[in-house]
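K.L.:
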Ligand code: GRF
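Next comes the structure, spelled out in C-alpha cells:
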C-alpha cells in the first residue's frame, strides 16, 4: 500500500509512521512521497529517511499542484500536522482516501481557527474534563469527515495548554498508526 504524507510542522507524527512501517506495526505499507506546504522540520525527516519529498508553496493553487504530483497508485493520503485547507475538488477526487489527525475530541473544538495551541486553550477555557485526539476522513467541510478513531486523556487541575498538547501528542502516536492500519486494511471503523 502506498501512502503520501502531508506536513507543515515538526513532523513527529510523520516520524512515528516512518518508525511503525519500519517495525512492521504498519505492515505492507510504504511512504512514497512527503509533501510540505512550507519549510519545516517534517521535510528534514523525509530526507533523513530517504523518502522522496516535495515543497509546494501555500496558496490558491496548492491542491491543483498537489494533485499533479500524487503518484498514480496512492492508496492513502495522510495529513500529519498539515495546516493548509485542501480544496473541494481535491477532497472529492480522493474521497475516502484522505485522513487527518486533529488534537481534540471532534466534533467539539474543530473547524476554522482550531489548530495548534488554539485548540488546547479553547478546551481548557471551556472547562472540559477530558480531551484527546481524533483521526477522521477528510471532506471539504473542515474537521467534519467521518471519525475513524479517537483516544482520550483526562485534564488535570493544573493543566496548561502546553502540558495538554504534550499529553495529546502521546495519544496521537498511539491512535494514528492504528487508524492507518484500519483504513489500509479495511477493518471495522471504531466510530
Ligand atoms: C498534531 O498535534 C496534530 O494533531 C496537529 O498538528 C500537530 C502536529 O504535530 N494537526 P507534529 O508535526 O506531528 O509533531
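In this note's numbering, the protein residues as written are 11 to 201.
From the three backbone atoms N, C-alpha and C, an ideal C-beta is built for every residue, glycine too.
Computed from a predicted structure; not experimentally measured.
#1: In whole angstroms, give me the CA-to-CA distance for residue 21 and residue 79.
#2: What residue range is occupied by the uninterrupted alpha helix (DSSP H) comprising residue 150?
#3: So, does the stretch 163 to 170 touch the stretch 130 to 140, judging by three or more C-beta pairs under 8 Å?
#4: By a C-beta neighbour count over all protein chains shown, 10 Å radius and 16 as the cutoff for buried, is residue 33 buried or exposed?
#5: Using 7 Å as the cut-off, classify the Cβ of residue 143 as near or not near the heavy atoms of the ligand NAP, replying yes or no.
#6: Just mark residue 200 as buried or exposed, buried being the case when its beta carbon has 16 or more other beta carbons within 10 Å.
#7: With DSSP run on the structure shown, which of helix, strand or coil describes residue 203?
#8: DSSP on residue 83, reduced to helix/strand/coil?
#9: Let me check one thing: in DSSP terms, what residues is residue 180 bridge-paired to?
#10: Near residue 72, what residues of its chain come up, given a Cβ to Cβ distance below 7 Å and the 5 sequence neighbours on each side ignored?
P.N.:
Looking at the coordinates:
#1: As a first step, residue 21 is located in the chain shown; it is residue number 11 there, counting from the start. As a first step, residue 79 is located in the chain shown; it is residue number 69 there, counting from the start. Near 21 Å, if we compare the C-alpha coordinates of residue 79 and residue 21.
#2: The residue labelled residue 150 in the question sits at position 140 within the chain shown. No alpha helix (DSSP H) holds residue 150; DSSP gives it neither H nor E.
#3: Between the stretch 163 to 170 and the stretch 130 to 140 there are three or more C-beta pairs closer than 8 Å, enough to call the two in contact.
#4: Position 23 of the chain shown holds residue 33. Burial is judged here by how many other beta carbons sit within 10 angstroms of a residue's own beta carbon; residue 33 has fewer than 16 and is exposed.
#5: In the structure shown, the ligand NAP is absent; the only ligands present are the ligand GRF.
#6: Along the chain shown, one-based indexing puts residue 200 at 190. The predicted model places residue 200 with a pLDDT of 44, which falls under 50 and marks its position as unreliable; any figure quoted below should be read in that light. Label assigned to residue 200: exposed.
#7: Because residue 203 is not part of the residues shown, which for the chain are 11 to 201, the question remains open.
#8: Position 73 of the chain shown, counted from the start, is the residue given in the question as residue 83. Of the three classes helix, strand and coil, the one that applies to residue 83 here is coil, per DSSP.
#9: Along the chain shown, one-based indexing puts residue 180 at 170. Beta-bridge pairing links residue 180 to no other residue.
#10: Your numbering for residue 72 matches position 62 in the chain shown. Contacts found: 47, 66 and 94.
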